[in-house]
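Each remark here refers to the structure printed beneath this line.
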Amino acid sequence: MPAISREEVARVAALARISLADAELDQMASQLDSIVEAVRTVSEAAGGDVPATSHPIPLVNVYRPDAVHPSLSVEAALQSAPAREADQFKVPQILGEEP
Amino acid sequence: MSDLTRLGAAEMARLLRDGELSSVELTQAHLDRIEAVDGAVHAFLQTLPEAALAQAQAADAARAAGEDLPALAGVPIAVKDVLATKGLRTTCGSRILENWIPAYDATVVRKLRQAHLPVLGKTNMDEFAMGSSTEHSAFGPTRNPWDLERIPGGSGGGSAAAVGAFEAPLALGSDTGGSIRQPAAVTGTVGVKPTYGAVSRYGLVAMASSLDQVGPVARNVLDTALLHELIGGHDPKDQTSLNEPVARAVDAARLGLGGDVKGLRVGIVRELGGRGYQRGVLDRFDEALGELRSLGASVREISCPSFRYALPAYYLIMPSEASSNLARFDAMRYGLRVDPQTGPVTAETVMGATRAAGFGAEVKRRIILGTYALSAGYYDAYYGSAQKVRTLIQQDFENAWEQVDVLVSPTSPTTAFKLGEKLDDPLAMYLADVATIPVNLAGIPGMSVPCGLAEDRLPVGFQILAPARADAFLYQVGGALEAALEAKWGAPLLARAPGLPQGPSRTEGGVK
Chain A
57 MPAISREEVA RVAALARISL ADAELDQMAS QLDSIVEAVR TVSEAAGGDV
107 PATSHPIPLV NVYRPDAVHP SLSVEAALQS APAREADQFK VPQILGEEP
Chain B
-19 MSDLTRLGAA EMARLLRDGE LSSVELTQAH LDRIEAVDGA VHAFLQTLPE
31 AALAQAQAAD AARAAGEDLP ALAGVPIAVK DVLATKGLRT TCGSRILENW
81 IPAYDATVVR KLRQAHLPVL GKTNMDEFAM GSSTEHSAFG PTRNPWDLER
131 IPGGSGGGSA AAVGAFEAPL ALGSDTGGSI RQPAAVTGTV GVKPTYGAVS
181 RYGLVAMASS LDQVGPVARN VLDTALLHEL IGGHDPKDQT SLNEPVARAV
231 DAARLGLGGD VKGLRVGIVR ELGGRGYQRG VLDRFDEALG ELRSLGASVR
281 EISCPSFRYA LPAYYLIMPS EASSNLARFD AMRYGLRVDP QTGPVTAETV
331 MGATRAAGFG AEVKRRIILG TYALSAGYYD AYYGSAQKVR TLIQQDFENA
381 WEQVDVLVSP TSPTTAFKLG EKLDDPLAMY LADVATIPVN LAGIPGMSVP
431 CGLAEDRLPV GFQILAPARA DAFLYQVGGA LEAALEAKWG APLLARAPGL
481 PQGPSRTEGG VK
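Residue numbers (the numbering used here), protein chains in the order written: chain A, 57 to 155; chain B, -19 to 492.
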C-alpha cells in the first residue's frame, strides 16, 4: 500500500493552496510516495529520550531597542502589488458566496 | 593589460590600489567576457552593464579623492538572484517573482555597494534555491563551463559557473543543503557556507530559515576569505545573526597558503565515502589527504553514525520550513496574480491558481511534502523525529571535535552529471547533497576546494568542515591544500578547463 495516496496528495495540495491539474496529481502522488518511503527511516533513528533541535545555534531573548526606525513608504510597499486601490492592496473577495 | 578576467580578486584589488588599473576597465573587461561567453553558459539571469559601470566610476572617483577604501573596492561581483536588490528585478529563478522589484537591498548587497563592488548582474539558480543542477530554474539551466552538456551544480550553479567561466572574479551564493559547496565542487571553484548566523540573512528570500546561510564564491581560497570578511558580521535586522566578531578568514588563508598546518588534526568522515562515490572522486580525495599529511597534519578516521539519517531528516525539515516560508506568495501584495479559469474568483481560488501557474514542479513537490509532514497525524512521526535526528547529528559532530580540529570528505559523490540525467528522479538528484547536508543541520561552517580532475576529466571537490564559529580553520586547511596541489599541478585547476564558444547572449527563456 502506498504511503501517500492520490487522494491524500489532493487534500494536502488544497491545504497548501496549489491547484494541481489531474496529470500533475498522478505524477506527484507516485513521486511523493517514493520520497516519503525514503525519509520515514527517521522515526526509527531517535528514541523518545532524544531532545528535538529546532535551531542550529541556540540564541535567547534577541531584542532590539524599542525605538522608531524609518520604514518603507506606502508607495514603495505598493510598487509590486498585483492590484491596488488608492493606498491599499486590492484583493479578491475573501469569503465564498453563500448558496 | 590582456585578459584581466583571469586574475584573482586579491590581485585585481592590488592593481586597483596601486593605480595600475581602473575599476571601469576591470568592470568593462568582465562585461565583455559575459557578452562573449554567457550565451553558451547562461550563468546570468540579468546583467547590469550601466549600473555596474556607474558603480565602477564611483569607486575610481573615491580612490582618486584619496578615500580609505575596503580591500575589494572596485572589484566586480555577481549576485545570486535569491538576494534582494533595490530597484532591480529579483526572481529567485521563479515565474511567481518574474517581475518583482524589491524596495530594499539585502544587508549583504548593501555591504557590497558601500564597499564599492560593482554588481555585474544576478545569477541563475534552481527555483527558490531548490535543486542541485539549476535545471529547476524557470528561465532555463546554466551550463557547466567544463562541459556545456553537464550541470553546474545547484542551486547556485549560476554563481559558480560565472566565477568558473571568468565572467566574474567573485560571487555571492546561499547554502541550505549544499547550494554553494556542491556547485563549487563540480565547477572547480571555491565556495564556503559560513557558520549559521555569521552572515546576515536579511533580504535573502527564505527557503528553510534554520538551514539557509549566505556565503562567498570565488576561484581561490584567499579571494573567498576576502569576500567572507566583507559580508560577515552582526546585523540587527536578522534576529538569528550572531553578535560576534567576524572570522579572521584572510589571516587564516595566508597562514594556510604558507603551508602551515603542522600538528593540525584532520578527521575523515567514515560515513561520507565508499559505496555510491565515484572512483575518481575517491582517488583525488585520497591524494589530497596525502598532501595534508606531507605538510605535517595528522589524519585519522572518525565515525559519525547518525549521518545515515541526515538526508531523510533534511528532506523533512527543509520542506516543512519551505512550505511555511513560501506561504507568503499569496498573489496579494507582490508577485504574480492569476485568476482561476473556472468557478468563483476568491482570495483562496486566486492563490491556488497563482501558485499552480507560478511554481515549478520541484517547488510544488517540496511545499506539498512539507505540508504533509507538518499535518495532523504525521507531525510526530516525521517532523518531530527529524528534529531529534538533528540533535543526534550535532552530537556526532561534538564527539568528533573532541578528537580532531576539522573533518573532511568529498563534497559530492560524483562529478557533474549530464543535463536531464536526474531531472525526473528527485531522489537521485537529492543524493548529490548527501555529504553537504549534515553541515546545515548542525549549523557549522563548510568549504569546498578543488582537488583535481576525475577519470572523466571533470573537477572534484574536497570538503572541509569545522566547529561552529571556527570558520578560520576552513581557510587555513583550504589554503594549505590549494597551495600544495597547485605547486604539483603547476597552475590552478581552472587553467585546464576547455575554452568556451563565443557568441551573442541568448535571450530565449531568459529574463534579460
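Note that beta-carbon positions come from the ideal geometry of N, C-alpha and C, so glycine has one too.
All values derive from a computational prediction rather than experimental measurement.
The beta carbon of Ser136 (chain A) falls within 8 Å of a beta carbon belonging to chain B, placing the residue at that interface. Under a 10 Å Cβ-count criterion, Pro121 (chain B) is classified as buried, with 16 or more other Cβ atoms of the shown protein chains found around its own Cβ. Neighbourhood of Ala142 (chain A) in chain B, by CB distance below 7 Å: empty, with the nearest CB roughly 15 Å away. In the DSSP secondary-structure assignment, Ser154 (chain B) is bridged to B:Val194. Cβ neighbours of Phe146 (chain B) within its own chain (closer than 7 Å, five residues either side excluded): Thr(-15), Arg(-14), Arg13.
For Arg13 (chain B), the enclosing alpha helix (DSSP H) begins and ends at 3 to 21. Against chain A, the beta carbon of Ala448 (chain B) has neighbours under 9 Å at Pro112, Ile113, listed in chain order. In the three-state scheme derived from DSSP, where H, G and I count as helix and E and B as strand, Ile348 (chain B) is classed as helix. In the DSSP assignment, Arg245 (chain B) falls within the unbroken beta strand (DSSP E) covering 245 to 249. Rounded to the nearest angstrom, the Cβ distance from Leu128 (chain A) to Ala83 (chain B) is 5 Å, consistent with a contact under 8 Å. Excluding its 5 nearest sequence neighbours in each direction, Asn124 (chain B) has C-beta neighbours in its own chain below 7 Å: Arg130, Ile131, Pro132, Ala141, Val166, Thr167, Ala396, listed in chain order. About 11 Å separates the Cβ atoms of Ala41 (chain B) and Leu49 (chain B), ruling out a contact at the 8 Å cut-off. Rounded to the nearest whole angstrom, the C-alpha separation of Gly212 (chain B) and Phe453 (chain B) is 16 Å. For Ala58 (chain B), DSSP records a beta bridge to B:Gly101, B:Ala151. By the neighbour-count criterion, in which a residue is buried when 16 or more other Cβ atoms sit within 10 angstroms of its Cβ, Leu134 (chain A) is buried.
By the C-beta density criterion, Gly104 (chain A) is exposed, having fewer than 16 other C-beta atoms within 10 angstroms. Residues of the region 59 to 90 of chain A that bring their beta carbon within less than 9 Å of a beta carbon in chain B comprise Ile60, Glu64, Val65, Arg67, Val68, Ala69, Ala70, Leu71, Ala72, Arg73, Ile74, Ser75, Leu76, Ala77, Glu80, Gln83, Met84, Gln87, Leu88, Ser90, in sequence order. Shown in chain order are the members of the region 217 to 234 of chain B whose Cβ falls below 8 Å from a Cβ of chain A: Gln219, Thr220, Leu222.
Pairing Gly67 (chain B) with Ile81 (chain B) gives a Cβ-Cβ distance under 8 Å.
For Ala39 (chain B) against His96 (chain B), the beta-carbon gap comes to about 4 Å, under 8 Å, which counts as contact. Contact check between the region 424 to 432 of chain B and the region 399 to 406 of chain B: fewer than three CB pairs, one atom from each, fall below 8 Å, which does not count as touching. Residues of the region 295 to 307 of chain B whose Cβ lies closer than 7 Å to any Cβ of chain A, in chain order: Tyr295, Leu296, Ser303. The beta-carbon of Gln443 (chain B) is placed no less than 8 Å from the nearest beta-carbon of chain A. When Cβ-Cβ separations below 8 Å define contact, Glu251 (chain B) makes no contact with chain A.
Here Ser99 (chain A) is not near Ser286 (chain B), since their CB atoms are 8 Å or more apart. When Cβ-Cβ separations below 8 Å define contact, Pro126 (chain A) makes no contact with chain B.
Ranked by Cα distance from Gln383 (chain B), the first of B:Gly340, B:Arg245, B:Glu30 is B:Arg245. Residue pairing by DSSP places Glu281 (chain B) opposite B:Ile248 in a beta bridge. Secondary structure note for Leu25 (chain B): it is in no alpha helix (DSSP H), and the uninterrupted beta strand (DSSP E) holding it is 24 to 27. Residue pairing for Met427 (chain B): DSSP places it in a beta bridge opposite B:Val172, B:Ile444. Put simply, of B:Met409, B:Gly338, B:Val330 the residue whose alpha carbon is nearest the alpha carbon of Pro148 (chain A) is B:Val330. At least one C-beta of chain A is nearer than 8 Å to the C-beta of Glu328 (chain B). Judged by their CB atoms, Leu262 (chain B) and Pro390 (chain B) are nearer to each other than the 8 Å cut-off.
Excluding five sequence positions before and after Ile297 (chain B), the CB atoms of its chain that fall closer than 8 Å to its own CB belong to Ala188, Ser190, Leu191, Tyr363, Ala366, Gln367, Arg370, Leu421, given in chain order. For the region 412 to 437 of chain B, the set of positions with a beta-carbon nearer than 9 Å to some beta-carbon of chain A reads Asn420, Leu421, Ala422, Gly423, Ile424 in chain order. Where Ser389 (chain B) is concerned, the enclosing beta strand (DSSP E) starts and stops at 386 to 390.
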